[in-house]
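These notes are about the structure you will find just below.
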Amino acid sequence: MLKLFGHQESGHAFKVKLALTIANVEHQYEWVDIEAPRESRSLEFRSHSRFSEVPVLLDDGQPYVQSNSILLHIARKLKILGGEDAVVMQRCAEWLFWEANKIGMCLPQLRAFKKHNAPEIQGETLQWLLNRYDHDVGVLNDALADGRDFIIGSQFTIADCSLCGYLTFADEAEVDLPPFVEAWLSRISSQKGWKHPYGLLAKSPA
Ligand SMILES: N[C@@H](CCC(=O)N[C@@H](CS)C(=O)NCC(=O)O)C(=O)O
Numbered sequence: 065m066l067k068l069f070g071h072q073e074s075g076h077a078f079k080v081k082l083a084l085t086i087a088n089v090e091h092q093y094e095w096v097d098i099e100a101p102r103e104s105r106s107l108e109f110r111s112h113s114r115f116s117e118v119p120v121l122l123d124d125g126q127p128y129v130q131s132n133s134i135l136l137h138i139a140r141k142l143k144i145l146g147g148e149d150a151v152v153m154q155r156c157a158e159w160l161f162w163e164a165n166k167i168g169m170c171l172p173q174l175r176a177f178k179k180h181n182a183p184e185i186q187g188e189t190l191q192w193l194l195n196r197y198d199h200d201v202g203v204l205n206d207a208l209a210d211g212r213d214f215i216i217g218s219q220f221t222i223a224d225c226s227l228c229g230y231l232t233f234a235d236e237a238e239v240d241l242p243p244f245v246e247a248w249l250s251r252i253s254s255q256k257g258w259k260h261p262y263g264l265l266a267k268s269p270a
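So the sequence shown is numbered by our numbering: it starts at 65 and just counts up by one.
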């Protein structure tokens, strides 16, 4: 049995929830109050979350942490979303590592700045993040410009789940989406079962 711990504000948790939902994998979901002090979270969550963060996935009681690593586990074990083929899985892993260091290292911070006016993200730091986002989203746009449906090709994979985790919140970060990225996000949101993180990861899912 799978059990996911998450929160609707977390693009990292969204990546995993989206993968499980679109692949129609049965799982339990527990909402974690990530705005509350860490020590107030449930004992089950605390005992399994090595870094005290969501997402955490329990698979038969074994904890898996770090969103992209969880995605690799799900795909490989269940042979879904790219895990059916070793070469596709390798291409997915490359995009997952790229995401963690690129989109995942500017867009969550830009969103935090716009949403919470994060005081540590100002001036030159803010400009650096904006430049970084422009570059990173450009790389993604160029990759999608050949007309492929999803980032690896015609198949929706864990790489799409990872890359869209925070791009789904681009409006809140008040950044632009180039045309091929916007069209790709729209194809993702047309997948059966897709919901915005605010619905999919809510305390009491709609
Ligand atoms: N690198 C981690 C990032 C996870 C993360 O930053 N989680 C945040 C929410 S987006 C969290 O749990 N924050 C609450 C806390 O740190 O107490 C991943 O990919 O899973």
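Yeah, the Cβ is synthetic: ideal placement off N, Cα and C, and Gly gets one too.
Given 6 Å as the limit, tell me if residue i has its C-beta closer than that to any heavy atom belonging to ligand 1.
i    : result
D74  : First, the amino acid is wrong: residue 74 is Ser here, not Asp. The answer is yes for S74.
S131 : yes
S104 : no
I216 : no
V118 : yes
I98  : yes
Just to check my reading of the structure: residue i and residue j have Cβ atoms closer than 8 Å, yes? What is that Cβ distance to the nearest angstrom?
i    : j    : result
Q92  : Y262 : About 20 Å; that fails the 8 Å criterion.
L174 : L194 : 7 Å
S131 : H76  : 4 Å
L122 : K67  : 4 Å
V129 : I98  : That belief does not hold up - the Cβ atoms of V129 and I98 are roughly 14 Å apart, past 8 Å.
L265 : F78  : 6 Å
Q255 : I144 : In fact, because the Cβ distance is near 13 Å, the residues do not count as touching under 8 Å.
R89  : L142 : Note on identity: in this sequence residue 89 is Val, with Arg being the wrong assignment. V89 to L142, Cβ: 6 Å. Contact.
I222 : L135 : 4 Å
H199 : T232 : Wrong, their Cβ atoms sit about 20 Å apart, outside the cutoff.
R102 : S111 : Going by Cβ atoms, the distance from R102 to S111 rounds to 12 Å, so no, they are not a contact pair.
F155 : G147 : The amino acid at residue 155 is misidentified as Phe; the sequence shows Arg. Actually they are not in contact, since the Cβ atoms of R155 and G147 sit about 12 Å apart, beyond 8 Å.
Could you confirm whether any beta carbon from chain B is found closer than 7 Å to the beta carbon of residue i?
i   : result
F78 : Note that chain B does not occur in the displayed structure, where there is just one protein chain.
Select from the options the residue whose C-alpha is nearest the C-alpha of residue i.
i    : options                : result
E163 : D149, C225, K81        : C225
V201 : Y230, L190, Q186       : Y230
L208 : V245, A87, V89         : V245
L218 : Q126, V152, N88        : Here the sequence assigns Ser to residue 218, which means Leu is not the residue at that position. Of Q126, V152, N88, the residue nearest in Cα terms is V152.
A157 : L227, D240, I252, G211 : L227
D213 : I252, N181, E90        : I252
D206 : H137, S74, A247        : A247
M65  : G125, V96, A100, I185  : G125
A237 : L190, F220, A139, P243 : L190
Y197 : L241, H180, P183, Q186 : L241
S268 : E94, K81, L84          : E94
S74  : S250, G211, G168       : G168
W258 : G70, V80, F69          : V80
K166 : W192, D235, H137, F220 : W192
V239 : E184, L84, L107, C170  : C170
W159 : N181, S133, A176, E184 : S133
S106 : G70, D235, G187, E188  : G70
If you scan the region 122-193 from start to end, which runs of the alpha helix (DSSP H) of 4 or more residues do you find wholly inside it? 131-142, 150-165, 171-180
Beta strand (DSSP E) runs contained entirely in the region 86-122, provided each spans 3 or more residues: 92-95
Return the chain-ordered ranges of every alpha helix (DSSP H) run that is complete within the region 200-237 and spans a minimum of 4 residues. 222-231, 234-237
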